[in-house]
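>
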Amino acid sequence: MLEISKADESTVLLKGRMDASQADAAHEVMDALTGTCTVDFAGLEYISSAGLKVLLATQQRLWESGGEIVLQGMTPHVRMVFDLAGFDSVFKIS
Amino acid sequence: MVGLHAAASFLPVLLFLVILRSVDPYRLVNLRSLGAALVGGCGAAVLAYFANSGVREALSLTDLALSRYAGPLIEEILKGGVIGILLWRNRAGFLVDAAILGFGVGAGFAVVENLYLITTRDFDLATWIVRGFGTAIMHGGATTVFAILTKMMEERKGRVTWHGLLPALVAAFVIHSAYNHFVLPPLISTAVIALSVPVLVGVIFSRSEAATRAWITDGFDADQEVIRLLETGVLSDSRVGEYLSELKARFPGEVLVDMLCLVRLEAELSIRAKGMLMMREAGFDPKPDDAMKARIAETQYLEDSIGAVGRMALDPFLRVHGKESWQRGILGVS
Chain V
157 MLEISKADES TVLLKGRMDA SQADAAHEVM DALTGTCTVD FAGLEYISSA
207 GLKVLLATQQ RLWESGGEIV LQGMTPHVRM VFDLAGFDSV FKIS
Chain W
924 MVGLHAAASF LPVLLFLVIL RSVDPYRLVN LRSLGAALVG GCGAAVLAYF
974 ANSGVREALS LTDLALSRYA GPLIEEILKG GVIGILLWRN RAGFLVDAAI
1024 LGFGVGAGFA VVENLYLITT RDFDLATWIV RGFGTAIMHG GATTVFAILT
1074 KMMEERKGRV TWHGLLPALV AAFVIHSAYN HFVLPPLIST AVIALSVPVL
1124 VGVIFSRSEA ATRAWITDGF DADQEVIRLL ETGVLSDSRV GEYLSELKAR
1174 FPGEVLVDML CLVRLEAELS IRAKGMLMMR EAGFDPKPDD AMKARIAETQ
1224 YLEDSIGAVG RMALDPFLRV HGKESWQRGI LGVS
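So this is what it looks like as structure tokens:
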């Protein structure tokens, strides 16, 4: 199960598992983001390729309008997956 | 005028090749492989010139027999040989890249053939249009069909065999020979070819894209799970762990350690390759990472260290013969 909430207008909090079954719900929230936003991974236990695709598509869309997603609070495992996949080249990770 | 003739004969097939590569969202075929396909096709055309001349003399063939039967057979064998080599060298992972490489070989062949004709014959513009939109696209289309059927056979049997190429060769020969029979007026034949090849390729693209997406998604998550199991130390509870435990009795400790390292490294390389494809699909242009070269060198060291028997023991987990080997090309280091 994935819980998506907003701490403020530009910060999205993720909690739980971001997998294929939750990708549509995540897409809906991410589609509403504009400008530069922060996505907090602190409560995220697992992210599958479906979740990563949502983030990549959102990043590409925001880049086109001069914004971006900044990722923060990743667990060591999720951070390692991002590094291994090379996604650290397209996301700012704090 | 020569410039216009050349444009009519070369541009359609080369433009179609560029469009084919650009509509693939994953950009599976790199420029090096595409260049190899084009050069291979050019080489096949040069060989075909000599082979056709030799066969015509040896068998006292008429021009008609040569153009309808012997020529198509010789030319499709030579173009198919290039495809066989490219597939054997793991240059295509899916039907889409096999199709693009196939069209590349056919395009290279057609360019050399038309170049030869431009320098030796004085055709009118209509003939060059037929050669450019019809004959050249036919060459690309026939070799595309050959490549697709061969790739399908490879996916079914797990490898490319020379006798397995026969059905693909027959299909390519029939297309080529039928075109050369000129049953329809040349302009109609040209229109049929110019319309049917894009439709065929479109069907292949949509079918293969779904397979590519499933392979990336399933593979990425499975590789991520392998890394997680290794990181958390609960590998022994998994199917992989149980299997590796069974190997303890058969291999020295240091070899088992290298086996674990190899499982991890292959998973890491696989995640990077699939990550690059996911980024390309999203519209990014990820660059090859030099760090991957060191990792691939390390896998080669580990493979040598565990030996052929150790590799065979890991085969159920490391399928590095087909797509897993091809994906190293995606990393831009093979």
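Here the protein sequences come in this chain order: V and W.
Numbering-wise (this note's numbering), the first sequence opens with residue 157 and increments by one.
Numbering-wise (this note's numbering), the second sequence opens with residue 924 and increments by one.
Cβ coordinates follow ideal geometry from the N, Cα and C atoms, glycine included.
1) DSSP three-state call for residue 1066/W: helix, strand or coil?
2) Which whole runs of the beta strand (DSSP E) in the segment 1095-1181 of chain W are 3 residues long or more, in chain order?
3) Which bits of chain V does residue 1205/W rub up against, with CB to CB less than 8 angstroms?
4) Give me the Cβ distance between residue 1030/W and residue 936/W, rounded to the nearest whole Å; I'm assuming they're in contact under 8 angstroms.
5) Measuring only between beta-carbons, confirm whether residue 188/V sits less than 9 angstroms from chain W.
6) If you compare alpha carbons, which of 957/W, 1211/W and 1185/W is closest to residue 1234/W?
7) How many whole angstroms separate the CB atoms of residue 1250/W and residue 1016/W, which I take to be in contact at a CB cut-off of 8 angstroms?
8) For residue 189/V, which residues in the same chain have their Cβ closer than 6 angstroms to its Cβ, ignoring the five residues on either side in sequence?
9) Under 9 angstroms between C-beta atoms, does residue 1194/W make it to chain V?
10) Where does the unbroken beta strand (DSSP E) through residue 1232/W begin, and where does it stop?
11) Is residue 949/W buried or exposed, if buried means 16 or more other CB atoms sit within 10 Å of its CB?
12) Pull up the distance between the alpha-carbon of residue 1165/W and that of residue 1211/W, whole angstroms please.
13) If we ignore side chains and look at the alpha-carbon of each, how far apart do residue 175/V and residue 1151/W end up?
14) Taking C-alpha atoms, which residue in 1201/W, 1082/W and 957/W lies nearest to residue 205/V?
15) Of the residues 1042/W, 1206/W and 1021/W, which one's Cα is nearest the Cα of residue 1091/W?
16) Can you find the residues in the same chain that come closer than 7 angstroms, C-beta to C-beta, to residue 1048/W, ignoring five residues on each side of it along the sequence?
17) Can you pull the chain W residues whose beta carbon is under 7 angstroms from the beta carbon of residue 204/V, in chain order?
18) Give the secondary structure of residue 1257/W by DSSP, where H, G and I count as helix, E and B as strand, and everything else as coil.
19) Looking only at its chain, what residues have a beta carbon closer than 6 angstroms to the beta carbon of residue 967/W, apart from the 5 residues adjacent to it on each side?
20) My assumption, with CB atoms under 8 angstroms, is that residue 1060/W sits in contact with residue 1120/W. Please give the rounded CB distance.
21) Would you mind reading off the limits of the alpha helix (DSSP H) that contains residue 1083/W?
22) At 7 angstroms on the CB atoms, spell out the chain V contacts of residue 1191/W, in chain order.
23) Along the beta strand (DSSP E) that carries residue 186/V, what are the first and last residues, could you check?
24) Using a Cβ-Cβ cut-off of 9 angstroms, state whether residue 245/V counts as contacting chain W.
25) Give the residues of chain V in contact with residue 1212/W, contact being defined as C-beta atoms less than 9 angstroms apart.
26) Would you kindly check if the distance between the Cβ of residue 196/V and the Cβ of residue 169/V is under 9 angstroms?
27) Give a yes or no on whether 9 angstroms exceeds the smallest Cβ distance from residue 233/V to chain W.
28) Are the segment 1194-1209 of chain W and the segment 1170-1182 of chain W in contact at 8 angstroms, needing three or more beta carbon pairs?
29) Taking Cβ positions, are residue 995/W and residue 245/V nearer each other than 9 angstroms?
30) Should residue 1038/W and residue 1054/W be called a contact, given that it needs their Cβ atoms to be closer than 9 angstroms?
31) Is it true that the CB of residue 1026/W sits closer than 9 angstroms to the CB of residue 1067/W?
32) DSSP three-state call for residue 164/V: helix, strand or coil?
For this structure:
1) Within the second sequence, numbered from 1, the residue matching residue 1066/W stands at position 143. Three-state DSSP puts residue 1066/W in a helix.
2) none
3) Taking the first residue of the second sequence as 1, we reach residue 1205/W at position 282. Those are 209, 212, 213, 215 and 216, listed as they occur along chain V.
4) Start at 1 with the first residue of the second sequence, and residue 1030/W comes out as number 107. Start at 1 with the first residue of the second sequence, and residue 936/W comes out as number 13. Indeed they touch by this definition, with Cβ atoms about 5 angstroms apart.
5) The sequence position of residue 188/V within the first sequence is 32, counting from 1. Answer no: the Cβ-Cβ gap between residue 188/V and chain W never drops below 9 angstroms.
6) Here residue 1234/W is taken as the residue at index 311 of the second sequence, counted from 1. For the residues 957/W, 1211/W and 1185/W, the minimum Cα distance to residue 1234/W belongs to 1185/W.
7) Within the second sequence, the letter at position 327 stands for residue 1250/W. Within the second sequence, the letter at position 93 stands for residue 1016/W. Their Cβ separation, rounded to whole angstroms, is 7 angstroms, which keeps residue 1250/W and residue 1016/W in contact under 8 angstroms.
8) To locate residue 189/V, count along the first sequence from 1; it is residue 33. Result list for residue 189/V: empty, nothing under 6 angstroms.
9) Walking along the second sequence from the start, residue 1194/W turns up at place 271. Answer yes: the Cβ-Cβ gap between residue 1194/W and chain V drops below 9 angstroms somewhere.
10) What you label residue 1232/W is simply residue 309 of the second sequence in a count that begins at 1. Run containing residue 1232/W: none in the beta strand (DSSP E); it sits in the alpha helix (DSSP H), 1214-1237.
11) Within the second sequence, residue 949/W is the residue found at index 26, counting from 1. It counts as buried.
12) Your numbering for residue 1165/W matches position 242 in the second sequence. Your numbering for residue 1211/W matches position 288 in the second sequence. Approximately 35 angstroms, taken between the alpha carbons.
13) Position 19 of the first sequence, counting from 1, holds the residue named residue 175/V. Position 228 of the second sequence, counting from 1, holds the residue named residue 1151/W. Going by the C-alpha atoms only, they are around 16 angstroms apart.
14) The residue given as residue 205/V occupies position 49 in the first sequence. The option with the nearest alpha carbon to residue 205/V is 1201/W.
15) Looking up residue 1091/W in the second sequence gives position 168. The shortest C-alpha separation from residue 1091/W is found at 1021/W.
16) For this step, residue 1048/W is matched to residue 125 along the second sequence. So the qualifying residues of the chain are 927, 928 and 931.
17) Here residue 204/V corresponds to residue number 48 of the first sequence, with the count starting at 1. Within chain W, the residues near residue 204/V are 1144.
18) In the second sequence, counting from the first residue as 1, residue 1257/W sits at position 334. In this prediction, residue 1257/W scores a pLDDT of 46, lower than 50, which makes its location untrustworthy; the coordinate-derived value is nonetheless stated afterwards. Residue 1257/W: coil per DSSP, three-state reduction.
19) One-based indexing of the second sequence puts residue 967/W at position 44. Only 1001, 1002, 1005 and 1032 meet the Cβ criterion.
20) Against the second sequence, residue 1060/W aligns to sequence position 137. Against the second sequence, residue 1120/W aligns to sequence position 197. At roughly 5 angstroms, the Cβ-Cβ gap stays under 8 angstroms, so residue 1060/W and residue 1120/W are in contact.
21) One-based indexing of the second sequence puts residue 1083/W at position 160. Run containing residue 1083/W: none; DSSP gives neither H nor E here.
22) Numbered from its first residue, the second sequence carries residue 1191/W at position 268. Ordered by position in chain V, the residues that pass the 7 angstroms Cβ test against residue 1191/W are 240.
23) Reading the first sequence from its first residue, position 30 is the one you call residue 186/V. Premise fails: residue 186/V lies in the alpha helix (DSSP H), 179-187, not in any beta strand (DSSP E).
24) Taking the first sequence and counting its residues from 1, the one referred to as residue 245/V is at position 89. Chain W contact via Cβ: present.
25) One-based indexing of the second sequence puts residue 1212/W at position 289. In chain order: 242 and 245.
26) Here the question's residue 169/V lines up with position 13 in the first sequence. Here the question's residue 196/V lines up with position 40 in the first sequence. Yes, the Cβ-Cβ distance between residue 169/V and residue 196/V is below 9 angstroms.
27) Taking the first sequence and counting its residues from 1, the one referred to as residue 233/V is at position 77. Judged by the 9 angstroms Cβ criterion, residue 233/V is in contact with chain W.
28) no
29) Along the second sequence, read from residue 1 onward, the residue named residue 995/W stands at position 72. Along the first sequence, read from residue 1 onward, the residue named residue 245/V stands at position 89. No, they are not a contact pair.
30) Sequence index remark: in the second sequence, residue 1038/W carries index 115 (1-based). Sequence index remark: in the second sequence, residue 1054/W carries index 131 (1-based). Not a contact, by the Cβ cut-off of 9 angstroms.
31) On the second sequence, residue 1067/W is found 144 positions in, with the first residue counted as 1. On the second sequence, residue 1026/W is found 103 positions in, with the first residue counted as 1. Yes; because the gap between Cβ atoms is below 9 angstroms, this pair is in contact.
32) Counted from its first residue, the first sequence places residue 164/V at position 8. Strand, per DSSP.
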